Amino acid sequence: MSSVSLTVNGKAVTAEIEPRTLLVQFLREHLRLTGTHVGCDTSQCGACVVHLDGEAVKACTVLAVQADGRQVTTIEGLAAGGDLHPMQAAFREHHGLQCGYCTPGMIMTAVDLVRRKGHALDETTIRHELEGNLCRCTGYHNIVKAIAAGATAMGQAPARQAAE
Amino acid sequence: MYAFDYHRPATLKEALSLVAKQEDAKIVAGGHTLIPTMKQRLAAPGHLIDLGRIPDLVGIERTPRAVTIGAMTTHGAVAESADVKEAIPALSELAALIGDPAVRHRGTIGGSVANNDPSADYPAACLALGATIITSKRRIPAEEYFRGLFETALEDGEIVTGVSFPIPHKAAYEKFRNPASRYALVGVFVAKRPSDIRVAVTGAGSNGVFRWAEAEEALAKRFSAKSLDGLKAPADDLIGDLHADAEYRAHLIGVMARRAVQAATER
Amino acid sequence: MTASGIGAPVRRKEDQRFITGKGRYVDDFNRPGQAHAYFLRSPHAHATIRSIDAAAARAMPGVLGVFTGEDLAADKVGNLICGWMIHSKDGSPMKAGPHPALAQGKVRYVGDHVAVVVAESLAKARDAAEAITVEYDLLPAVVETAKAQGAATAVHEVAPDNVVFNWHLGDKGAVDSAFARAKHVTTLDLVNNRLVPNPIEPRAAIGEYDEAEEQFTLYTTSQNPHVARLVLSAFIGIAPENKLRVVAPDVGGGFGSKIFIYAEETVCVWAAKKVGRPVKWTSDRTEAFLADAHGRDHVTHAEMALDENGRILGLRVHTVANLGAYLSTFASSVPTYLYAPLLSGQYNIPAIYCEVDGVYTNTAPVDAYRGAGRPEATFVIERLVEVAARQTGQDPARFRRRNYIKSFPHQTPVIMNYDVGDYGASLDKALEAADYKHFPKRRRESARRGKLRGIGFSSYIEACGIAPSQAVGALGAGVGLWESAEVRVNPTGSIEVLTGSHSHGQGHETTFAQLVADRLGVPIESVNIVHGDTDKVQFGMGTYGSRSGAVGMSAIAKALDKVIAKGRKVAAYALEAGEGDIEFKDGRFSVAGTDRSLAFGEVALQAYIAHKFTGAELEPGLKEGAFYDPTNFTFPAGMHICELEVDPDTGHVTIERFTAVDDFGTIINPMIVEGQVHGGIAQGVGQALFEGAVYDAEGQLVTASFMDYRMPRAADLPSFEVGMTVTPCPSNPLGIKGCGEAGAIAAPAAVMNALTDALGHENIAMPATPLAVWRAAQRARQPQPIAAE
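See below:
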């Protein structure tokens, strides 16, 4: 067993775990943060994307022990207080989800994309940047629209961004 | 995944002593090949030695003649580095084509060259640019380093610490992705170096990355995409699979090489 | 139309929990004392099991039980079933081989279930599974669809030639005579490639047994929990229906693959009693590839006869349909009654004859996948029509228009009676939206860049809202295909609607609430949609075949009518007026010609306090139920146009534009309907260009992960042009036709027609991968502009 201490959604967490525990297992099974999903075994679907020290990573391909001492943000921790994060609101407004299973990973990927590429995102850039996230329901059409709108909204709400 | 013991050395020295001590140890860098392999129970190390917290292994250093990248530098960091973009833009572009954004935040150059996957991108850059693989023991020229499928010149207990790329006059990388996995089905890195011209091919060779001699000779006469017209890579030693047979790969090598030369000349 | 009523793009009520990570999918549930199941699967496609030695596994730490097919047989657990009887043309019933949940004596595909280990953790279960020794005697594998019939090895004893049924539909004599007088015959050999559904949420199940109550509970990723309960109870015999609760909470996409009753959930619920602990199983993606029911997999020879004026005289189709190693729950209906009756497409075709040979192979079972039979039929007819137009030198749009059915109702020669439609209207709108007029210019521009551009059409029709129970009963269905609803009005006027439909992405919590808000004049926030739990909803047939709007909502509408009728009675007593004088409008019951009225909520309260009437006069309360059985299929139809560009140097295909104009009848929520179209198109484009399950000669699945099975990604697709035309469906109270499958049905033919247009020849099959396109492009003619309509 290994001991890990990390910050998850702003809260300090310490646990004794088997070293083979994946970060996504740690989040889902130990912390019961079930918003982060598992959709494949080969790091390709992106349903498990969380932020590790502010960067998007696939939680199915990171060991929980590797996150020791670091900051993890999951979909549950994205919004400040009771409000929705602008990207979450954009997904609802633009019908960027259907079954909802890929959605947390999509939203976490989208927020990371805005961090890296800014608030004015064209369709080509968004589609290219989603290469690590699979959705089987939406045909991506409304996800792309939602991300563009969410990116703009994040630019107009600087206070919110800082909350992450 | 099978159970293992986890070690997180703070220094290279500590890492080396752990590797020397544990017989069934594996080194994990970004983990984006090893962890999926372990999840499938296709690898079962008794000890996992994580290089993720050794500060000396991270960073990009630029000198007038070379760019040296620490082994634990992520693909994302290479892709975004202003130094790399300016000195060897083709290398930054290559890094941006690996995996996807989340993968690029974890995957590292050291892990890529140590693993030497025949479909990985970095080996093509190393070979074409004439890079030097820097290890805990020595400096190995790329030509001597890549030895076949998943095989390198690394000895037991030897750890890649960085890769040094000489700055070329011009270079470009063109990649045709495996439509499913996004790895290189064929990737061609063309470099016009002060001393010579090199064309390195990844994704296609049954023995891993290789240089395409005929193309290099043709380009030596004139560095132009036209020089490669009609030139076809030999299909003999190429990979054939569901996504591409050897003939198609041979054809794509020509197409990607011409496009890479075109892109390099337009810089 | 009100802000939240029928026709409004209401934002979804369910989204709040999904976008905040609060959705509750089966794997998110953890029951007290829960153990974990791991299935040991066959590594061989075809083998007899000589022995299974699990002693070492049973002795491993944390192992609670190891079970095999023998244990199931000892407990008299029944086999999995196929619920639709098909008869061959000689009148003999289909040859259904036994399908035990855990193999008994033989394994028939890679991934077949050999044993299950139940342990304290998944890792321990998996460790123990590796300690089980199985001795196999290998048998030759039957893999290829076209070669299964009469192969040297039989997959099942009951079908020595591997033929499950040899079925037909239509008038062979009439077709032969149509071909005899034909001026032109177009012939095509087509493969409809095998697909893996791949909802992003893998299947999962938790079985639980309460000893005190002798009550089982199954949490499962199901599109139809009541059907799962019925099958597990009546056929598999796990527990009486009243002692088995099935819960299908949030489900992360289904596309057909979560209709079926599989081995894993059967074993989990049975094993829960065996080990005295809740038993959880969650599929990983590799297991999903191996053991979820696959879709399509047809090999077809098709011919179309034309007269001298380019009118279609007849159609002759012979299809071999691969059903895999076992007959899955609805497998037999898909390549028969969901396929051949759609072969008339949107066209007036006097004579149609179709033969289908269903065959066993040593591959995963094949069953319904989005569209189920209708994409296969559309692909046959739309490829034939396009090629016939090309061969006779006609514009493909004009050729279609000439042959469209123009008067309704229209009886086709293959069962279906089309009730209403306006195919020309969809064509006109689509041609305009796709800017067909200027296509030749765009093609020339592509040619200048060394690229091949093509355009392709697909005039699809589908039969949805399945279906009138008597009709499907006559065709062999084991169940009725009605839907049920119950509307419970609370004393405060808030409302729960219990529906037998199941939402796994379709947005029922919103659209169904819109209907209620619209009909009762109440705020949408006061309406709660309840589904997916057999303890709450009395019965239901679930969601598939684009039926939830046309059938599920019709049941709700019927129940709402009863609620209003009862409310009228209550209001009459409360307002001291005659029932005949009570009007209901905009959420108020009023006495005609007066200003006396009560709001809906006030009438609800009156119904429950029952102060104004006696029990002899009127029953208190306000709760009504309804079962709605459709009187016909519904017939959504439309025109999809794909325009694409081929890079002949690499074989890379870029979808430049995709236009869809659909007639779904009445639309409740256009935002959600358009979303359904988008998703369907992506799956259809996926089938045409990307996706294909490939088995090697030994029956190993080569494409068993996303590393080899090519899923559509965002960058593969453009934004879609989506438009609507509306002819309301006359057979249901809301005029709804259904929209869930249209894109997946229409798109493959549109894409392949565009691709073959670009290439200039027909010799390319789905999936048209870069390798296949590059090979085909070697033979492509120089692009020539085609005449616009």
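Protein chains in written order, with the numbering used here: chain A, 1 to 164; chain B, 165 to 431; chain C, 432 to 1220. Each residue gets a CB set at the ideal place from its N, CA and C atoms; glycine is no exception. Fair warning: this is a prediction, and the values are worked out from it, not measured in the lab.
- Inter-residue distance for C/K882 and C/D826 is about 22 Å (C-alpha atoms, whole angstroms).
- Counting along the chain, no alpha helix (DSSP H) covers A/T14; the unbroken beta strand (DSSP E) around it starts and ends at 11 to 17.
- Taking B/G321 as the centre and dropping the five residues before and after it, the same chain places the C-beta of L180, V183, A184 closer than 7 Å to its C-beta, in chain order.
- Taking a 10 Å sphere around the C-beta of C/I1040, we find fewer than 16 other C-beta atoms and assign the residue as exposed.
- In the three-state reduction of the DSSP assignment, A/A56 falls in the strand class, which pools E and B.
- Scanning chain C for C-beta atoms nearer than 7 Å to the C-beta of A/R127 yields A1145, A1146, reported in chain order.
- As the crow flies, the alpha-carbon of B/L383 is around 9 Å from that of B/V425.
- The shortest CA-to-CA distance from C/A1173 to any of C/D1139, C/D1094, C/A1135, C/M1102 is the one to C/D1094.
- The alpha carbon of A/A80 has as its nearest neighbour, out of A/V4, A/G10, A/L6, the alpha carbon of A/G10.
- Assignment of beta-bridge partners to C/D964 by DSSP yields C/V678.
- Annotated three-state conformation of B/Y412 is helix, per DSSP.
- Counting only the Cα atoms, C/P796 lies some 17 Å from C/A1128.
- In the DSSP annotation of this structure, B/T237 is not part of any alpha helix (DSSP H), being labelled neither H nor E.
- Three or more pairs of CB atoms, one per stretch, sit closer than 8 Å, so the segment 699 to 710 of chain C contacts the segment 491 to 499 of chain C.
- Counting C-beta pairs closer than 8 Å gives three or more between the segment 221 to 234 of chain B and the segment 249 to 266 of chain B, which meets the contact rule.
- Contact note: A/G35 reaches chain C through T451, G452, K453, G454, using a C-beta cutoff of 8 Å and chain order.
- For the pair A/M106 and A/G150, the CB atoms are not nearer than the 8 Å cut-off.
- Taken through DSSP and simplified to helix, strand or coil, C/G998 comes out as helix.
- If you keep only unbroken alpha helix (DSSP H) runs of at least 4 residues inside the segment 1170 to 1208 of chain C, you get 1173 to 1190, 1201 to 1208.
- Residue contact check for C/M1138 against chain A: a CB pair falls below 8 Å.
- Chain-order list of chain B residues neighbouring C/F1121: P343, A344, by C-beta distance under 9 Å.
- Under the Cβ criterion of 8 Å, B/Y412 is counted among the residues facing chain C.
- Beta bridge pairing from DSSP links C/Q842 with C/N848.
- For A/G54, the closest of B/G274, B/M202, B/V248, B/A266 by C-alpha to C-alpha distance is B/A266.
- Secondary structure at B/E338: strand, using DSSP grouped into helix, strand and coil.
- Residues of chain C with a Cβ closer than 7 Å to the Cβ of B/A408 are, in chain order, L1202.
- Following the DSSP letters along the chain, one finds C/H1071 in no alpha helix (DSSP H) but inside the beta strand (DSSP E) bounded by residues 1068 to 1078.
- The way I'd put it, the segment 528 to 545 of chain C does touch the segment 736 to 756 of chain C; three or more beta-carbon pairs between them come closer than 8 Å.
- C/G684 belongs to the set of residues whose beta carbon lies under 8 Å from a beta carbon in chain A.
- The Cβ neighbour count for C/S857, taken over all protein chains shown within 10 Å, is at least 16; the residue is labelled buried.
- Beta-carbon to beta-carbon, C/M1183 and C/G887 are separated by about 7 Å, close enough to satisfy the 8 Å threshold.
- Looking at the backbone, the Cα of C/P1179 and that of C/S889 are separated by about 8 Å.
- Residues of chain C with a Cβ closer than 8 Å to the Cβ of B/F314 do not exist, since the nearest Cβ in that chain sits about 16 Å away.
- Rounded to whole angstroms, the gap between the alpha carbons of B/G372 and B/P287 is 9 Å.
- Assigned with DSSP and collapsed to three states, B/N279 falls in helix.
- Where C/G1115 is concerned, the enclosing alpha helix (DSSP H) starts and stops at 1101 to 1116.
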